[in-house]
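Under this note's numbering, the residue at position 16 of the sequence shown is numbered 17, and the numbers go up by one with no gaps. By construction, the Cβ of each residue, glycine as well, lies at the ideal position given by its N, Cα and C atoms.
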Amino acid sequence: MRILCLLAIIICYSASAARFSIATFTADVTVPANHGMMDGLWKSKSLADPLYAKGVVLFGGDQPVAFVSVDWCEIRNDAYDRWREVIAEAAGTTRARVLVSSIHQHDSPIADLTAQQILNNRKLEGSICDLEFHEVAVQRVAKAIHTAIKHRQPITDIGIPKQRSKGSPPIVATICPTGATPTIVAAPAAAMSSPAMPRKEPSILG
């Protein structure tokens, strides 16, 4: 939600500057068996759900801007730099225009290349991350970006959720093709806050 709102702000602010387009991508970054998890507290034994890196590349300004969310616990230090470096090259932009975030679930890996190299140099048994697999994962993301850019789509309209009044369901304006009228719909009941259920943000994509 925050990323989409930020995209909306960027586009609305610079709408007259250029024609905007967007490429969306997904890459599998599931770690192999016996990979260190949670900073090496334990090692992976089985796969319950695959891990993904998902993101968008926004075109239309001076240079593309990339946003990537990764199903890992943390991406630290030089690992973070490596992700941004590779993504920037794949997207045709600079590291300063790449945002990489990890969603920080506690049953997933942590990436810290220097820390792992220190363990390796001292022949210690600890396993923070697999250096070779880390590069494989980053290159998978780069490949997904290259493919996505070939099929990027023009941005024609922006959908922004609005609250009609206190106590009433929020309404959502969906993204629609050029010339069409945005669809205004009431958000589902599940989107409303309740003591028993945390509030779920309604989708704003049509």
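- About 13 angstroms separates the beta carbon of Pro110 from that of Trp84, a gap too long to meet the 8 angstroms contact definition.
- Ile129 and Leu114 have their C-alpha atoms spaced approximately 8 angstroms apart.
- Excluding sequence positions up to five before and after Val57, its CB lies within less than 6 angstroms of the CB of Ile23, Thr25 and Phe68, all in the same chain and listed in chain order.
- Judged by their CB atoms, Arg98 and Pro65 are nearer to each other than the 8 angstroms cut-off.
- C-alpha of His105 to C-alpha of Glu75: approximately 6 angstroms in a straight line.
- Taking the CA atoms as reference points, Met39 sits about 37 angstroms from Gln154.
- The Cβ neighbour count for Ser47, taken over all protein chains shown within 10 Å, is under 16; the residue is labelled exposed.
- The criterion of a C-beta distance shorter than 8 angstroms is not satisfied by His147 and Ala80.
- Within the same chain, Val30 come within 7 angstroms of Ala138 by CB-CB distance, once the 5 residues on both sides are set aside.
- Collapsing the DSSP output to three states places Trp73 in coil.
- Of the candidates Glu126, Arg96, Gln118 and Ala54, Ala54 places its Cα closest to the Cα of Gln140.
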